[in-house]
Each structure stands twice: as C-alpha cells, then as structure tokens.
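Undergrad: Quick one: structure below, then a few questions.
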Amino acid sequence: MKKVITYGTFDLFHEGHRRLLERAKALGDYLIVGVTTEQYDIQRGKMNVVDSLMRRIDNVRSCGYADEIIVEDHPSQKIGDVQKYNIDIFVVGSDWRGTFDYLKEYCEVVYLERTKDISSTDLRIERNRSIRLGIVGSGRIAERTLSEVKFVSGISATSVFNPRLSSAKAFADRFELARAFDKYEDFLDNVDGVYIASPHETHYEYARLALLAGKHVLCEKPMVLYENEARELYELAQQTGLVLMEAIKTAYAPSFLNLLATAKSGRIGKIYDVEATFTKLVPSDSKAREYSPVVGGSFTELASYNLLPIVKLLGTKFNDPRFEIFKDNTEVDIYTKAYFRFEDAIATVKTGIGVKSEGQLLVSGTRGYIQVKSPWWLTRTFEVCYENPDDNESFYAPFPGYGMRFEIADFVRNINEPARRNYKLTVEESIAMARVMEKFLQVRKGKS
Ligand code: CTP
0 MKKVITYGTF DLFHEGHRRL LERAKALGDY LIVGVTTEQY DIQRGKMNVV
50 DSLMRRIDNV RSCGYADEII VEDHPSQKIG DVQKYNIDIF VVGSDWRGTF
100 DYLKEYCEVV YLERTKDISS TDLRIERNRS IRLGIVGSGR IAERTLSEVK
150 FVSGISATSV FNPRLSSAKA FADRFELARA FDKYEDFLDN VDGVYIASPH
200 ETHYEYARLA LLAGKHVLCE KPMVLYENEA RELYELAQQT GLVLMEAIKT
250 AYAPSFLNLL ATAKSGRIGK IYDVEATFTK LVPSDSKARE YSPVVGGSFT
300 ELASYNLLPI VKLLGTKFND PRFEIFKDNT EVDIYTKAYF RFEDAIATVK
350 TGIGVKSEGQ LLVSGTRGYI QVKSPWWLTR TFEVCYENPD DNESFYAPFP
400 GYGMRFEIAD FVRNINEPAR RNYKLTVEES IAMARVMEKF LQVRKGKS
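Residues 0 to 447 (numbering that gives the first Met the number 0) make up the sequence shown, in order.
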C-alpha cells in the first residue's frame, strides 16, 4: 500500500485545497493529512487564521480524500511523521518548492502545481474589508508598530495624525502612508481604527474622541494615568460595541502566554511572590519624553510591563501599593520600587531610567520558581526550576521582530469577530493598572 502525506492550515477551505488533496490521494492508496494547530500557525507568522482547528479538520474530512487526519503542532514534526507512518510520498503545493527537499532522504517529495488565483489569505481579505488603521503620534514606538502591521493580514496603516502637520507629512512620506493629518476629526473620518502612540497624557482624549467617532482603539501603555479615565473609556467602548485594547505587547507573546499557563497549572505550587524589573538608562540631560516633568519618570514609562505578570498571576485585589521613589537632580523618578500586598502573596515592581538592574521576572511558588532572564518583557525562553536542579525545565517560543504583531492580530480578530472577542489583558486588569499609575503620581507629587 502506497502511503501519501500532506500538511496545511486549510483555513476557509477552498477549491485550491480540494484539488491538492484530490491529486495527493491519486498518487497513492492512503492519504494522511496533517492540519496545523492555531498556536503553531501563530508561531510561524500566520496570524489571522479564521477557522478553529476543529472546523478545519471537519472541512478536510468532508471533502472525502483523507483516510486519516493528524494534527501538526511543531516545525520538526514532519520527519518523525514520515517515519512513524511509513510514508512513501510527501506532497505539498508548488509555493513550497524546495523547502521540503530535506525529506528526500526518507521518502519521495512531490510539489504539485498550486491552483491559480485562490488562497486563504485572499479569502480572509475579501471576507473582511481590510481595516484602515490610523496612527496617532509619529515617534519611535509608532515606527516600530508600523513595521509590524505588515505581518498581519486584514489591516493596513493608511493615515497618520500629528498636531504638527510637517511631522505628520514627514512620517507619511517615510512609511508610504496615503494621508497625513493635523486635524483629528478629519483623520478619524478616514480610518476604521486608531493606534495611539502619542505622549502618555494625551492618550485619554485621543482615545475618547476616537470611540465617540465610532473607531476602534489600540492604545499604547500606560493607556491612561487615572482610574476614572480608564473606566470611562471602557464603558464607552462597551456602549458603542467598539474594541479598546491597551497595547502591552508582552500580554500577547506566545511564550509569555505559555508561562502564565504553566504557572497557573500548579507546576510551581502556590504562588507567593512575583518580582518584575525593567530598567532602561536614559541620559538625564536629554530632552527625552522619559524626563517630561509631569508624567515622565521610570514608573509611568516602564511599570505597565511589570504590572502585567502581577495582575495576571495574583489578580487585582491588592492593598494600596507602597512606593519607594528616588529622584536625581530631575523632577521625576529615576528609580522606583513598588510593593503590592495580596491576601497571601506579595509582588514587587522595579523600574529605572537612571539606575540599571537585571531585567528579570521571577515567580516563586511552594514547589519551585519560574525565571525569565532579561529582557523578560520580550519573553522567549523561560525556566521552571525546582529544589533538585536535575528536574529543571526550559520552555521556548519565538517572539519575532519588535513583537507587536501578536497584539495587532488580536486587535484585528476582535474587530472582525465580535461574537468571539477575547481580551488577553482584561478590562479589570487594565483599570487596575491605571489605579496604580494614579496612586504613584499622587505619592510622587506628595514627596516632591
Ligand atoms: N494550495 C494549493 N493551491 C492553492 C492554495 C493552497 O495547491 N491555491 C495548497 C498549498 O500549497 C498547501 C495546501 O494547499 O500544500 C494547504 O495550504 P494552506 O497553506 O492551508 O493554503 P493557502 O490558501 O495557501 O493559505 P494561506 O493563504 O493562509 O497561506
């Protein structure tokens, strides 16, 4: 019996998929089809798969050519499958020509001509008219996010807003955006959603006006600096049915999500302590926004990242945090340490723009601890450590580029599928972060 195997995502099952499977089956007597998991697709950069794994498997099954269906969940699985299932022929479409030649050592490799003019990507784009994203602010973070938007299908950056038209125009030229605006209302008229990356203190008003104009909002951290502003924005989003997300990229990173699941699964026992540090030295003589007198400083700049694992792992019911704030000859904190007391756990945040420390995340439990080394906010590898070091385990998932593509993909999914909205950072968690920022600013002001 001649056995054939092929793999694919088979999202929005189409004629190209059907023809490939028909021809694959005709090459032998028994066809095995490997269907990718969502997690694996995300890791290899396919960010906007629409159909669930179950639906994609059902679609492959109902077309009638597959004798067996398996799930593909990691890149090196193919060699093992070819051996395990005694495969004679590996088949894939011609878009992959050459990629799988390494399997020739184990079986015949056949690249079948791809069916012209149809793909899941095109269907996804047709299905949801591409979201026109407007960028508010034109600084470094906006540049980085822009470079990530192109990895996500179903969205494209079309416009930029900056109250200084010359800056908006220069940015639009540099990134080939169709339009540049200095009037916010005109800008909003031309987009479906906004990404806000302006100075912290301007986020609230830009987000509020965007929501009132019926536009979805992805807002850089800290989204706002006062609890009531956060509440108001989320209420507005709920009333208008719009998506509002705080852009903390780590919250969407595959490896960080895996870390949360590992910690919550009880592998390190009951969690008693979360310590998160982020420092980034910025020269104090610079005119950098980090030293802006009212809302600058290490905590407002960096603490959103550190608060993330705390609210995710220990929740939002903590007593008023205690802050130890250090200023240099500047008006803002160059180093802050914040302590959060939970009923039976503690958490610490360390942020510095004038003091350097190891940027690690450490989660301590009754059976062991999880450590992510610097830069933990770009989580790729994390270690689970036990009393006996021989038992230690290491986990890895890629976090490519600047890392924003995952949050952008979630933004798109939440816009396109209102019935399946899923916020990796919840409204309650985001509001708790605003509460911490507010408290911090009060304490810092009291001390100055
Ligand atoms: N395929 C094909 N003809 C097409 C589209 C896909 O022969 N028009 C083949 C692919 O080469 C692959 C299999 O079908 O062997 C599964 O491909 P998959 O990646 O799921 O489909 P695409 O439509 O290419 O998906 P995407 O646009 O998301 O890359």
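Where is the CB? At the ideal position from N, CA and C, for every residue including glycine.
#1: Could you tell me which of V90, V331 and D319 sits nearest to E289, measuring between CA atoms?
#2: Excluding the 5 residues flanking G27 on each side, which residues of the same chain have their C-beta closer than 7 Å to its C-beta?
#3: Does the ligand CTP have even one heavy atom less than 7 Å from the beta-carbon of V109?
#4: Give the secondary structure of Q370 by DSSP, where H, G and I count as helix, E and B as strand, and everything else as coil.
#5: Ordered along the chain, which non-local residues of its own chain (more than five positions away) have a Cβ less than 8 Å from that of V81?
#6: Compute the minimum distance between the beta carbon of S119 and the heavy atoms of the ligand GTP, and state whether it is under 7 Å.
#7: Among the residues of its own chain, which have a CB less than 7 Å from the CB of T249, if the five just before and after it don't count?
#8: Are at least three pairs of beta-carbons, each pair with one atom in the stretch 291-300 and one in the stretch 428-447, less than 8 Å apart?
#9: When the Cα atoms are used, what is the spatial distance from S447 to T335?
#10: Considering only DSSP beta bridges, list what A179 is partnered with.
#11: By the 10 Å Cβ neighbour count, where 16 or more other Cβ atoms means buried, how is E228 classified, buried or exposed?
#12: To the nearest angstrom, how far is it from the Cα of Q370 to the Cα of V273?
#13: Compute the Euclidean distance between the alpha carbons of F410 and M244, then round it to the nearest angstrom.
#14: Using a threshold of 7 Å, is the CB atom of D94 nearer than that to any non-hydrogen atom of the ligand CTP?
#15: I need the boundaries of the alpha helix (DSSP H) containing T350, first residue and last residue.
#16: If you reduce the DSSP assignment to three classes, tell me which class L224 lands in.
#17: Could you tell me which of N328, V32, A302 and E37 sits nearest to M432, measuring between CA atoms?
#18: DSSP beta-bridge partners for K326?
TA: Straight from the coordinates:
#1: Against the sequence shown, residue 289 aligns to sequence position 290. Comparing alpha carbon positions, the residue from V90, V331 and D319 closest to E289 is V331.
#2: Here residue 27 corresponds to residue number 28 of the sequence shown, with the count starting at 1. K1, K2, V3, D87 and I88, listed in sequence order.
#3: Stepping through the sequence shown from its first residue, residue 109 is reached at position 110. V109: no, Cβ never under 7 Å from the ligand CTP.
#4: Locating residue 370 in the sequence shown gives position 371, where the first residue counts as 1. Here Q370 sits in strand by DSSP.
#5: As a position in the sequence shown, residue 81 is number 82, starting the count at 1. Result list for V81: I4, F89, L102, Y105 and C106, in chain order.
#6: Among the ligands present in this structure, namely the ligand CTP, the ligand GTP is not found.
#7: Stepping through the sequence shown from its first residue, residue 249 is reached at position 250. These residues qualify, in order along the chain: F255, Y304, L307, W376 and T378.
#8: yes
#9: Locating residue 447 in the sequence shown gives position 448, counting from the first residue. Locating residue 335 in the sequence shown gives position 336, counting from the first residue. Only weak support exists for where S447 lies, its pLDDT of 43 falling under 50; the value from the coordinates is given anyway. The straight-line gap from Cα to Cα measures roughly 14 Å.
#10: Along the sequence shown, one-based indexing puts residue 179 at 180. Looking at the DSSP assignment, A179 forms a beta bridge with V159.
#11: The count along the sequence shown starts at 1 and reaches residue 228 at position 229. Under this definition E228 is a buried residue.
#12: If you number the sequence shown from 1, residue 370 lands on position 371. If you number the sequence shown from 1, residue 273 lands on position 274. Straight-line Cα distance between these residues: approximately 10 Å.
#13: On the sequence shown, position 411 is the one that residue 410 refers to. On the sequence shown, position 245 is the one that residue 244 refers to. Near 7 Å, if we compare the C-alpha coordinates of M244 and F410.
#14: One-based indexing of the sequence shown puts residue 94 at position 95. Yes, Cβ of D94 sits closer than 7 Å to a heavy atom of the ligand CTP.
#15: Numbered from 1 along the sequence shown, position 351 holds the residue referred to as residue 350. Note, T350: premise wrong, no alpha helix (DSSP H); beta strand (DSSP E) at A344 to G351.
#16: Translated into the one-based positions of the sequence shown, residue 224 becomes position 225. DSSP places L224 in coil when its eight states are reduced to three.
#17: Taking the sequence shown and counting its residues from 1, the one referred to as residue 432 is at position 433. Minimum Cα distance to M432 is reached at A302.
#18: As a working mapping, residue 326 is identified with position 327 in the sequence shown. K326 pairs with D332.
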